[in-house]
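There are 4 protein chains.
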Amino acid sequence: MKEAKLKVELIAHTPDPERTIATAAHMCYAGVTVDELKTKLSDEQVAKLLKMLITSGHHSTLEHASFTFAIEGVSRALTHQLVRHRIASYSQQSQRYVNEENMAFIVPPKVRANKEQLKAFEEAMEQTREAYKKMIDAGIPKEDARFILPNAVETRIVVTMNTRALFNFLDHRLCTRAQWEIRVMAHMMLKELKKVAPGLFNERGPICYSLGYCPEPKTCGLYPLKKDVIPEKKEKWKYE
Amino acid sequence: MKEAKLKVELIAHTPDPERTIATAAHMCYAGVTVDELKTKLSDEQVAKLLKMLITSGHHSTLEHASFTFAIEGVSRALTHQLVRHRIASYSQQSQRYVNEENMAFIVPPKVRANKEQLKAFEEAMEQTREAYKKMIDAGIPKEDARFILPNAVETRIVVTMNTRALFNFLDHRLCTRAQWEIRVMAHMMLKELKKVAPGLFNERGPICYSLGYCPEPKTCGLYPLKKDVIPEKKEKWKYE
Amino acid sequence: MKEAKLKVELIAHTPDPERTIATAAHMCYAGVTVDELKTKLSDEQVAKLLKMLITSGHHSTLEHASFTFAIEGVSRALTHQLVRHRIASYSQQSQRYVNEENMAFIVPPKVRANKEQLKAFEEAMEQTREAYKKMIDAGIPKEDARFILPNAVETRIVVTMNTRALFNFLDHRLCTRAQWEIRVMAHMMLKELKKVAPGLFNERGPICYSLGYCPEPKTCGLYPLKKDVIPEKKEKWKYE
Amino acid sequence: MKEAKLKVELIAHTPDPERTIATAAHMCYAGVTVDELKTKLSDEQVAKLLKMLITSGHHSTLEHASFTFAIEGVSRALTHQLVRHRIASYSQQSQRYVNEENMAFIVPPKVRANKEQLKAFEEAMEQTREAYKKMIDAGIPKEDARFILPNAVETRIVVTMNTRALFNFLDHRLCTRAQWEIRVMAHMMLKELKKVAPGLFNERGPICYSLGYCPEPKTCGLYPLKKDVIPEKKEKWKYE
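Protein chains in written order, with the numbering used here: chain A, 1 to 240; chain B, 241 to 480; chain C, 481 to 720; chain D, 721 to 960.
And the structure:
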């Protein structure tokens with residue numbers, strides 16, 4: 001069984017993403033011209049503006065910078081979750097067009113940790129690979145032969161998200177309740193993002209880290225539950 | 241091997257979808273009040289407005305009516321394609337939370353048509369089911385055991401799309417180049433839609449049926465290629 | 481000067497919106513068939529599921545129910561803000577196609593409260609109306625004559641949003657920092673929504689009401705600032 | 721009356737947009753690794769891939785490259801149309817926060833061409849400016865004083881769109897039926913886009929230029945109506 005290795009590479013992004021966002025925000029609040037816009041902001045002003053935008057939740061400005069990742073060594077289980085983030089663009093390796101005879105597989109850590117289960121897993125994957133090859137040899141089209149391919153098969157994908165969509169993605173996928181595989185990938189993406197836009201991403205983490213409490217019914221312990229931080233509402237909100 | 245049966249059911253939709261859309265369109269072009277809006281349009285006017293909106297491409301008004309389908313008996317190969325339609329809402333049966341020991345499978349017609357391949361397919365699926373059961377029994381979490389589940393496993397999903405998104409979905413998924421399974425499903429959805437909104441959906445078909453030509457590099461023969469219908473451009477477009 | 485009167489009418493919505501959403505959510509977590517889906521949930525189960533979905537932030541399910549409003553008596557200042565909510569559908573009365581000679585106006589309360597300013601406002605609006613009429617009479621197209629029409633001119637619009645988009649809209653537009661006019665409209669929408677879907681909307685209010693703190697740099701006093709509720713982070717989040 | 725001057729500046733974009741898109745598309749159809757992805761494509765291959773993607777309508781790949789424009793000298797009439805393109809990001813100069821006492825105005829060409837109307841227009845605008853100033857001096861908040869500001873007042877905006885959204889924007893806003901002002905702006909944007917991504921934008925024009933016919937009820941004459949190009953359907957589409 002060939003095992004896949006996760007790789008996350010930032011292949012393109014809006015140049016100078018922090019300044020681009022700060023510039024757009026500056027357009028909203030200051031009566032500046034386009035020419036003034038290009039020269040007016042010092043590095044300190046950029047940093048200050050970003051901090052204000054992020055903490056006060058004025059996140060639409062964050063959309064002006066986008067980041068494109070090429071990713072390999074992930075399972076179809078992962079990408080089926082990933083592509084549910086709809087404010088993003090995806091180009092995924094097609095099982096309809098690409099022959100998968102040399103497929104590699106993703107092994108869940110809890111399977112790897114269990115010798116017996118790992119052996120069973122490897123045998124199942126090897127059987128699948130052979131069955132796939134036989135179907136292809138028998139003239140079954142790739143788009144039909146793939147019906148027997150498991151979630152564990154490696155896939156590759158190019159993903160573009162803007163900063164705001166990435167905040168949401170990281171909020172949810174860095175949570176310890178997220179699936180282990182997408183959590184590893186989210187963390188690798190975050191590491192790349194911090195290199196090119198630390199002012200945007202240095203303070204990113206799971207959603208509890210931003211909220212100050214865990215919004216789920218049960219906490220992993222990192223942050224207390226909402227009800228243990230926020231005093232219960234005494235009365236309903238009333239329009240005044 | 242338990243085989244899944246495709247089922248498409250329209251479980252909810254905007255009431256009177258055609259009139260709702262026509263009413264919204266009427267708001268754009270006529271100087272009417274909200275009260276006038278509710279009483280002014282005859283059935284003939286509704287039909288005429290819809291026809292005009294659809295043929296002239298003023299499709300934003302079509303978004304005011306939405307349709308919710310519950311779908312079962314489809315493969316994960318299908319839903320991985322389906323959820324790539326991003327202007328839509330999805331709630332899919334989770335392989336992280338639902339035990340799949342009684343899983344059913346989708347069999348591609350070209351596999352079914354080949355006795356030998358069908359037998360191999362059934363054996364592979366049965367082996368997978370047993371291997372999955374053993375992993376669960378050995379204490380592997382469902383979210384990890386599912387790594388060995390194939391694309392062929394049945395999944396269920398609730399999908400909501402507005403009329404405009406459905407037009408786009410049908411344009412592409414009724415095409416003979418679409419995957420056979422999603423094409424069958426698209427056609428079943430279209431049949432349901434025609435029952436409740438014939439004025440919107442009676443003229444729907446693959447994209448060639450709307451364009452009047454096939455936009456792909458090769459045609460299935462239903463419509464001629466664009467280059468065989470549209471005279472070649474004599475000159476570049478120039479702004480005047 | 482003819483004054484406009486704000487009117488908000490819910491003209492269509494997904495039937496039984498709460499059950500539709502609960503049904504979709506049920507599909508995710510339970511291994512039910514489409515047939516079981518239609519009969520299995522009691523009213524109590526629906527209510528309990530909705531509460532869980534809303535408080536734990538699993539909001540994608542909320543998208544399966546949509547609401548369509550017809551609105552009149554609002555300014556172009558309001559709609560310019562409204563249409564910035566992009567996950568929504570709009571059909572607005574067109575100043576290119578509709579003759580505005582009988583236009584009505586929206587008067588800001590702080591102008592109304594100042595007798596002198598109100599008089600000046602009324603005169604300015606009346607002058608504008610006459611100037612517009614003269615331009616139309618002189619053969620200037622409506623789309624050009626409208627350049628002199630002020631933000632205060634009444635406009636009418638049909639808006640469709642799903643429940644999740646409405647939550648976001650209400651979060652931000654019920655805040656006392658929102659513009660007064662859109663805040664009044666948001667509250668009128670909320671009142672209509674509570675009538676047809678109390679389980680979804682009874683607990684809606686400005687974002688502070690959901691978060692338990694005010695995320696803005698300054699609070700209106702309804703809720704304390706985040707820093708006064710959430711203990712300061714002792715250390716950066718670290719992936720483990 | 722101070723007159724505004726339209727300015728369109730491309731302030732940021734995905735580096736090497738054509739190669740970024742071609743790379744993402746290459747991921748879909750070829751069984752390449754991330755490393756191979758970065759080196760495999762020659763300039764000729766990039767050009768060929770782009771052409772194929774564009775003509776065959778596989779436009780999701782075009783989303784991987786985004787373009788950010790800073791724009792000044794446009795009316796609020798224009799931006800109210802612009803922001804209706806929802807797959808885009810906007811940061812607009814706020815009339816709630818920015819004092820408009822030195823406001824400039826956009827003059828429609830058909831007003832300018834009519835000496836008498838131009839004079840009336842200038843007087844109306846000058847009166848408005850003075851009335852606005854008086855309201856501000858009287859303590860009316862900017863967000864309320866702006867109610868008397870006309871559509872003609874200059875606004876400034878930062879816009880980010882991806883290539884696919886730009887194709888749609890140009891399709892509709894380069895049409896001779898589009899409002900004159902947004903059409904001028906669309907053309908200025910197109911000129912900038914051709915400089916940095918000719919392979920993507922050289923063949924862009926109004927939608928008729930792509931379709932080969934005019935989809936509107938009446939044509940401006942540039943292309944014939946659909947019914948004069950496409951033979952009438954002999955029969956309804958039937959699923960086979």
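Cβ coordinates follow ideal geometry from the N, Cα and C atoms, glycine included.
Please read all numbers here as calculations on a predicted model, not as lab measurements.
- Bounds of the alpha helix (DSSP H) holding K590 of chain C are P589 to R592.
- The alpha carbon of A840 of chain D has as its nearest neighbour, out of C:A625, C:A492 and C:L654, the alpha carbon of C:A625.
- A distance below 7 Å between beta-carbons, with the five flanking residues on each side excluded, links E723 of chain D to the following residues of its chain, in chain order: A824, F825 and V827.
- Annotated three-state conformation of M365 of chain B is helix, per DSSP.
- Collapsing the DSSP output to three states places H493 of chain C in a strand.
- Straight across, the Cα-Cα distance linking K698 of chain C with P686 of chain C is about 15 Å.
- Per the C-alpha coordinates, the member of A:T160, A:E36 and A:P17 positioned closest to A47 of chain A is A:P17.
- With respect to the C-alpha of E661 of chain C, the residue from C:P630, C:S555 and C:V488 having the closest C-alpha is C:S555.
- Put simply, the CB of I741 of chain D is far from chain C, with every gap to its CB atoms at 7 Å or more.
- Residues of the stretch 387-415 of chain B that bring their beta carbon within less than 7 Å of a beta carbon in chain A comprise F387, I388, L389, P390, N391 and A392, in sequence order.
- In the structure shown, the three-state DSSP call for I71 of chain A is strand.
- Secondary structure of Y810 of chain D (DSSP, three-state): strand.
- For the 7 Å CB-CB criterion, S546 of chain C and T513 of chain C do not form a contact.
- When secondary structure is reduced to three states using DSSP, S306 of chain B falls in the strand class.
- Neighbours of P215 of chain A in chain C, taken as residues at a C-beta separation under 8 Å, are given in chain order as T535, S536 and G537.
- Straight-line spacing of the CA atoms in M669 of chain C and T128 of chain A works out to 55 Å.
- When C-alpha distances from R806 of chain D are compared across D:G751, D:Q815 and D:L886, the shortest belongs to D:L886.
- Burial is judged here by how many other beta carbons sit within 10 angstroms of a residue's own beta carbon; N822 of chain D has fewer than 16 and is exposed.
- If the five residues before and after E9 of chain A are omitted, its C-beta is found closer than 7 Å to the C-beta atoms of F69 and A70, all from its own chain and listed in chain order.
- By the Cβ-count criterion, N202 of chain A is exposed, with fewer than 16 other Cβ atoms from all chains shown falling within 10 Å of its own Cβ.
- Selection C:Y719, C:V664, C:R653 and C:Q659 evaluated against Y689 of chain C yields C:R653 as nearest (Cα-Cα).
- Excluding residues up to 5 positions away in sequence, V879, T880, M881 and A885 lie with their Cβ nearer than 7 Å to the Cβ of A808 of chain D in the same chain.
- Counting along the chain, the unbroken beta strand (DSSP E) around R156 of chain A starts and ends at E154 to N162.
- By the Cβ neighbour-count rule, S42 of chain A is exposed, with fewer than 16 other Cβ atoms within 10 Å of its own.
- Between S776 of chain D and the set B:E472, B:C454, B:K476 and B:V469, the nearest pair of CA atoms involves B:C454.
- Listed as beta-bridge partners of E483 of chain C by DSSP are C:F585.
- Distances from the alpha-carbon of Y612 of chain C to those of D:E756, D:L942, D:P951 and D:A872 put D:A872 closest.
- Chain D places no beta carbon closer than 7 Å to that of E192 of chain A, leaving this residue out of the contacts.
- The beta carbon of A504 of chain C falls within 7 Å of a beta carbon belonging to chain B, placing the residue at that interface.
- Taken through DSSP and simplified to helix, strand or coil, V32 of chain A comes out as coil.
- For the set C:K713, C:I637, C:K714 and C:Y703, the Cα lying nearest the Cα of K233 of chain A is the one of C:Y703.
- In this structure G919 of chain D is buried. Its beta-carbon is surrounded by 16 or more other beta-carbon atoms within 10 angstroms.
- Shown here for K622 of chain C: same chain residues with a beta carbon closer than 8 Å to its own, the five before and five after excluded, namely Q575, R576, Y577, V578, N579, E580 and I616 in chain order.
- A direct Cα-Cα distance of roughly 10 Å separates L290 of chain B from H266 of chain B.
- Residue-level contact check: E821 of chain D does not touch chain C, since none of the beta carbons of chain C fall below 7 Å from its beta carbon.
- The CB of Y570 of chain C comes closer than 8 Å to the CB of R804 in chain D, given here in chain order.
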